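Heads up: the sequence shown begins at -8 in my numbering, then just goes up one per residue.
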Amino acid sequence: MPALIIRPASAADRSALAPLYLASRRHAFHWLPADACALTDFEAATAGEEILVAERDGELLGFASVWLPDSFLHHLFVAPGHLRQGVGRALLDACATLPGGCTTLKCLVLNTGALRFYAAQGWRAEAEGGAGDDAWLLLRKHGG
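Pasting the structure below:
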């Protein structure tokens, strides 16, 4: 299998990232109606953020976006067909090397798969907020 490459997103990547974001959100947020997510959401959701992409053999498999002023992981999405292949972990590891690192994130409580993933990577809940489908946990990275 070709190597997984983690690199900064280029302007040319954006057209491929929008559909990846849409498919990944619909998969992860399965409780939402399909029309709650739109192809046009990507640009606004990642405005001003540092974006890293995971690529293998020319195909984008996932991305992470970090709000650098707060070392806050805003998005981590892996294409549904590439889950549990080390893509998310590789993106998280790369985010940790950004200026200021990547020390906090919010995750929806209903996104149990993501919460299990983050817990396995050493992230722990420190606060909570929202309600119902919008309830979230603030997670902080612990350990190495």
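Yeah, the Cβ is synthetic: ideal placement off N, Cα and C, and Gly gets one too.
All values reported here derive from a predicted model rather than from experimental measurement.
- Nearest to R47 by C-alpha distance, out of T95, D124, G77 and F108, is G77.
- Across the set L96, G53 and A111, the C-alpha of L96 shows the shortest separation from the C-alpha of W127.
- About 5 angstroms separates the beta carbon of R131 from that of E117, a gap short enough to meet the 8 angstroms contact definition.
- A contact between stretches requires three or more CB pairs, one per stretch, nearer than 8 angstroms, and the stretch -8 to 7 fails this requirement with the stretch 22 to 29.
- DSSP, reduced to helix, strand and coil, places A55 within a strand of the structure shown.
- Unbroken alpha helix (DSSP H) runs of no fewer than 4 residues, entirely contained in the stretch 8 to 76, are found at 32 to 36, following chain order.
- For G120, no alpha helix (DSSP H) run applies; the uninterrupted beta strand (DSSP E) run containing it begins and ends at W114 to G120, by DSSP.
- Nearest to V57 by C-alpha distance, out of A87, A45 and C28, is A87.
- Distances from the CA of D32 to each of C93, R17 and Q112 were compared; the closest alpha carbon is that of R17.
- As a beta-bridge residue in DSSP terms, L128 pairs with C98 and E119.
- Shortest Cα-Cα distance from T37 to any of L101, F108, D26 and L67 involves L67.
- L(-5) is a Cβ neighbour of A81, given a cutoff of 8 angstroms.
- A straight line joining the alpha-carbon of H73 with that of Y12 spans about 13 angstroms.
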